[in-house]
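Below you'll find the structure, written out as structure tokens, and then a few comments.
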Amino acid sequence: MFKKLKNNAGFTIIELLASTFIVALISGIFLANYRAGDRQASLAGAAQKMASDIRLVQNYALGLREFQGVFPAGGWGVHFEAGNSGYIIFADNDIAEYDYDAGEEYAAVSLPDNVTIDSIDVGAFLDIVFLPPDPVTYMNSASNISAQIILKDNQTGSTKTIQVNFLGLVDVVN
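Right, here's the structure in full:
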């Protein structure tokens, strides 16, 4: 006569633990990849900023931008050194030298934390100078060479390469 009704609503403790474990695992994987992606984005952003600053300096030369009230006789340039965590935008005040000297600094640009200039294919340093009106591009005082600057994230070992050719074209290649 009396029938006992079974109530099977709810979760067992094992189902609850399994669900919690799966959610925690997926969250952990997401957070680990988020941090790695953030570091990769920081390196990519630094490479794009460097390329943009080289183009900016080229525009300074073409636009005849003044430095301390006069147009720099040697043009505008960017100075890089391997191992540094930054670079210098400068106004070359010396005629026919096409390099960075003390007192010519216009701005010092810092790279993000843990990002450094790993290497430069033409030596330990690189001075890129743009001289109007043609415009002529000088790299380490020569007008017919191209250069590569490699940025490195010191935590992950990832790199980005910035290429500048003798025509002044700038590109981030990887």
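Taken in order, the sequence shown gives residues -15 to 158; the numbers are from the numbering used here.
Built from N, CA and C at the ideal position, the CB exists for glycine as well.
Here the structure is a predicted model, which means the values were calculated and not measured.
- Counting C-beta atoms within 10 angstroms of its own C-beta, Phe114 has 16 or more neighbours from the protein chains shown and is therefore classed as buried.
- In the structure shown, Tyr71 adopts extended strand secondary structure according to DSSP, grouped into three states.
- Scanning the stretch 18 to 67 from its first residue to its last, the whole beta strand (DSSP E) runs of 3-plus residues come out as 60 to 65.
- Rounded to whole angstroms, Ile6 and Ile(-3) show a C-alpha spacing of 14 Å.
- In this structure, Val99 sits away from Ser11, with a CB-CB distance that is not shorter than 8 Å.
- Taking 8 Å as the upper bound for CB-CB distance, Ser130 and Val156 are not in contact here, some 15 Å apart.
- Annotated as distal: Glu88 and Asp97, with beta-carbon spacing of 8 Å or more.
- In this structure, the CA atom of Leu48 is about 48 Å from the CA atom of Leu15.
- In the three-state DSSP reduction, Thr4 falls in the helix class (H, G or I).
- Rounded to the nearest angstrom, the gap between the Cα atoms of Tyr44 and Met123 is 17 Å.
- According to the DSSP secondary-structure assignment, Leu153 is paired through a beta bridge with no residue.
- Thr143 has Lys136 as its beta-bridge partners, per DSSP.
- With fewer than 16 other Cβ atoms inside 10 Å of its own Cβ, Leu153 counts as exposed.
- For a cut-off of 8 Å, the C-beta gap from Ala30 to Leu95 is around 5 Å, short enough to register as a contact.
- Taken through DSSP and simplified to helix, strand or coil, Phe109 comes out as strand.
- Between Gly70 and Val93, the beta carbon gap of about 6 Å places them in contact (Cβ cut-off 8 Å).
- Phe114 has Trp60 and Thr121 as its beta-bridge partners, per DSSP.
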